[in-house]
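Colleague: So the protein lines, in turn, are chains A and B. Taking the UniProt record's numbering, the leading residue of the first sequence gets 1, the next gets one more, and so forth. Taking the UniProt record's numbering, the leading residue of the second sequence gets 1, the next gets one more, and so forth. Each residue gets a CB set at the ideal place from its N, CA and C atoms; glycine is no exception. None of the values given here were measured: they were computed from a predicted structure. Sharing a structure here in structure tokens format.
Protein chains: 2
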Amino acid sequence: MEKFYPVLLKSNLFKHISLADMPMLLDKVEPSIRYFSAGNRIWQAGDSAKEFGLVCAGKVQIVKENQRGNRMILALIEPAGIFGEAYAYAAAGTLPVSVDVVEDATVLFFRPVKLIAQAHLPQGPQLIQNMMQILATKSLMLNQKIEVLSQRKITDKVLTFLQLEQAKQHRNHLVIPYNRQEMADFLGVERSALSTALGEMKKERLLDYHKNEFTLF
Amino acid sequence: MEKFYPVLLKSNLFKHISLADMPMLLDKVEPSIRYFSAGNRIWQAGDSAKEFGLVCAGKVQIVKENQRGNRMILALIEPAGIFGEAYAYAAAGTLPVSVDVVEDATVLFFRPVKLIAQAHLPQGPQLIQNMMQILATKSLMLNQKIEVLSQRKITDKVLTFLQLEQAKQHRNHLVIPYNRQEMADFLGVERSALSTALGEMKKERLLDYHKNEFTLF
DNA sequence: TGATATCGGTTGGTTTTACAACGGAAAGGA
DNA sequence: TCCTTTCCGTTGTAAAACCAACCGATATCA
């Protein structure tokens, strides 16, 4: 467990917690540690998630499978990333997604109540505030995605998306973390239609771009 | 303040808290109470929200205004409802929405840290768990909305939407809380296009409906 | 170097949606 | 009752997006 302390301290859950406090905290919170091999499934859609996971090593994927069997990758979780927190804390219903192991992974699972129960410790409030911030920030992200998806035309989706990115990156020249196909998936449109729309927007001098680098005018 | 206790106890924030504990809790948490007249604006997009609101009486609206000045109603908050919690706890950035008073309103404003600071009280963990559940449940709701909006065809949006409602209501005969225009707004499509799509789906025996009552086959 | 794969742009035909306009049914008020 | 408003469905046309296929550029690797 000790060898993962550096990763844990980098996670949002243990932000502003000092290394010295970790042994005691983990002893109280009692996360369970589990190891998974690449290709295995951690959670199956339909399961009820009573814990959330923190990836210490390896990589896992959140995937959604529709009726016709094709799977869609919703997120890639890397070390220090967490997953399932909303389902664990909402304490309602079953998972609409599955979690697959991409690279051999070590995962810590936390019980929501165990975290809340440490409130009386000196580090308790910080831990709780971190957890709240994680949940709240997620809501803001989802809100932004909804704003993008609510646009009916591709050009409006693109502009909304880029303006939100711009607000995050604080500069006119944007590097976005997607290739065309991924960007199209995020916007909920066809790749070729996105390419066409981008070309027209460049012609109309709304923006300029090269590969995944964009500039808004 | 005392006269609002019944409303407060009905809110998700004070769920499972007993009336007897309220005076002490509110004394510690120190919410500020403010009164607003219909037509006034509580928060303006661009403000930074360091508190969240709980509506004790009256009604307020969350509205989004785009560049061209037309406003879109995102939510109607009634007594016992809360707003701004995600922005308050994320402690980041500025509001992308405004909050308007529809009917003369009394609102309690809570500071996030003040709530967390009560963790040591007997009722503290319950209060914190409530807050987490509020944030987490909101994420799940937003996730579902994203699932609907991600569908590219109107019929798929309708089916996804109705299937999710069905999962909530646990029966085949659904009563949805929207009229056509509102349903179209939620799905992100034209009202008339929605009507046409519904008509075709009825013809294909995918579902039946009358006004806002739906049955899935 | 040649073979292969990935990525992004382009094009043309097809499908779907948007948009605007109209009409009928139902509800509510004067 | 009449008038007005609201709600929902229908229609035809225009606009937009989808979809499949193809092409060239670039990268990777044997």
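Can you list, in chain order, the residues of its chain with a C-beta nearer than 7 Å to that of residue 74 (chain A)? Leave out the 5 residues immediately preceding and following it.
Modeller: Only 62, 63, 64 and 97 meet the Cβ criterion.
Colleague: I think residue 25 (chain B) touches residue 33 (chain B), with their Cβ atoms under 8 Å apart; what is that distance to the nearest whole Å?
Modeller: With a Cβ gap of about 15 Å, residue 25 (chain B) and residue 33 (chain B) do not count as contacting.
Colleague: Output the residue ranges of the beta strand (DSSP E) runs that lie fully inside the region 37-94 of chain A and measure 3 residues or longer, sorted by chain position.
Modeller: Those beta strand (DSSP E) runs which fall completely within the region 37-94 of chain A and span 3+ residues are 41-43, 52-65 and 71-77.
Colleague: Using 8 Å as the limit for Cβ to Cβ distance, is residue 138 (chain B) near chain A?
Modeller: With 8 Å as the cut-off, residue 138 (chain B) counts as an interface residue toward chain A.
Colleague: Consult DSSP for residue 98 (chain A) and reduce its assignment to one of helix, strand or coil.
Modeller: Strand.
Colleague: For residue 53 (chain A), which residues of its own chain have a beta-carbon under 6 Å away from its beta-carbon, when the five flanking residues on both sides are left out?
Modeller: For residue 53 (chain A), where only same-chain residues beyond five positions count, the Cβ hits under 6 Å are 83, 84, 107 and 109.
Colleague: Should residue 12 (chain A) be flagged as near chain B, meaning a C-beta pair shorter than 8 Å?
Modeller: Chain B, which has no Cβ nearer than 8 Å to the Cβ of residue 12 (chain A), makes this no.
Colleague: Closer than 6 Å by C-beta to residue 111 (chain B): which residues in its own chain qualify, once you throw out the five before and the five after it? Chain order, please.
Modeller: These residues qualify, in order along the chain: 51.
Colleague: Got a sec? Which residues, its chain only, sit under 7 Å from residue 37 (chain A) by beta carbon, not counting five neighbours each side?
Modeller: Closer than 7 Å at Cβ, skipping near neighbours: 101 and 104.
Colleague: Would DSSP call residue 35 (chain B) helix, strand or coil?
Modeller: Strand.
Colleague: For a contact defined as C-beta to C-beta under 9 Å, what are the partners of residue 219 (chain A) on chain B?
Modeller: A question about residue 219 (chain A) goes unanswered here, because the residues of chain A that appear run from 1 up to 217.
Colleague: Please tell me whether residue 145 (chain B) has its Cβ less than 8 Å away from any Cβ of chain A.
Modeller: Taking Cβ atoms only, chain A reaches closer than 8 Å to residue 145 (chain B), which makes this a yes.
Colleague: Might you give, ordered along the chain, the residues of its own chain that have their beta carbon closer than 8 Å to the beta carbon of residue 113 (chain A), omitting 5 neighbours on each side?
Modeller: Here the set comprises nothing.
Colleague: Pick helix, strand or coil for residue 175 (chain B), following the three-state DSSP scheme.
Modeller: Three-state result, residue 175 (chain B): strand.
Colleague: Counting Cβ pairs, one atom from each stretch, are 3 or more of them under 8 Å apart for the region 163-177 of chain A and the region 187-200 of chain A?
Modeller: As far as the Cβ criterion goes, the region 163-177 of chain A does not touch the region 187-200 of chain A, which means the pair count is below three.
Colleague: Hey, is residue 73 (chain A)'s beta-carbon within less than 8 Å of any beta-carbon in chain B?
Modeller: Chain B, which has no Cβ nearer than 8 Å to the Cβ of residue 73 (chain A), makes this no.
Colleague: Is the CB of residue 133 (chain A) under 8 Å away from at least one CB in chain B?
Modeller: Cβ-Cβ to chain B under 8 Å: yes for residue 133 (chain A).
Colleague: Would you say residue 120 (chain B) lies against chain A (beta-carbon separation less than 8 Å)?
Modeller: Yes, because at least one Cβ of chain A sits closer than 8 Å to the Cβ of residue 120 (chain B).
Colleague: Under a three-way DSSP split, which group does residue 107 (chain A) fall into?
Modeller: Residue 107 (chain A): strand per DSSP, three-state reduction.
Colleague: Under the rule that 16 or more other beta-carbon atoms within 10 Å means buried, what is residue 94 (chain B), buried or exposed?
Modeller: Exposed, by the Cβ-count rule.
Colleague: Return yes when the Cβ of residue 160 (chain A) is within less than 8 Å of the Cβ of residue 201 (chain A), no when it is not.
Modeller: Their beta carbons are not under 8 Å apart, which means residue 201 (chain A) does not touch residue 160 (chain A) by this criterion.
Colleague: So, are the CB atoms of residue 88 (chain A) and residue 136 (chain A) less than 8 Å apart?
Modeller: For residue 88 (chain A) and residue 136 (chain A), no; Cβs fall outside 8 Å.
Colleague: Quick check: residue 213 (chain B) and residue 175 (chain B), are their CB atoms within less than 8 Å of each other?
Modeller: Yes, these two residues count as a Cβ contact at 8 Å.
Colleague: Would residue 3 (chain A) be called buried (16 or more neighbouring beta carbons within 10 Å of its own) or exposed?
Modeller: Per the 10 Å Cβ criterion, exposed.
Colleague: Since residue 152 (chain B) meets chain A, which of its residues come closer than 9 Å, beta carbon to beta carbon?
Modeller: The contacting residues are 188, 189 and 190.
Colleague: Using three-state DSSP, classify residue 206 (chain B) as helix, strand or coil.
Modeller: Looking at residue 206 (chain B) - three-state DSSP - the assignment turns out to be coil, as it is neither helix nor strand.
Colleague: Can you pull the DSSP bridge partners for residue 216 (chain B)?
Modeller: According to DSSP, residue 216 (chain B) bridges with B:207.
Colleague: Anything in the region 88-116 of chain A with a Cβ closer than 8 Å to a Cβ of chain B? List those residues in chain order, please.
Modeller: Cβ contacts with chain B come from 88, 89, 90, 91, 92, 93, 96, 112, 113 and 116.
Colleague: Please list the terminal residues of the continuous alpha helix (DSSP H) segment that includes residue 182 (chain A).
Modeller: Segment 180-187, the alpha helix (DSSP H) holding residue 182 (chain A).
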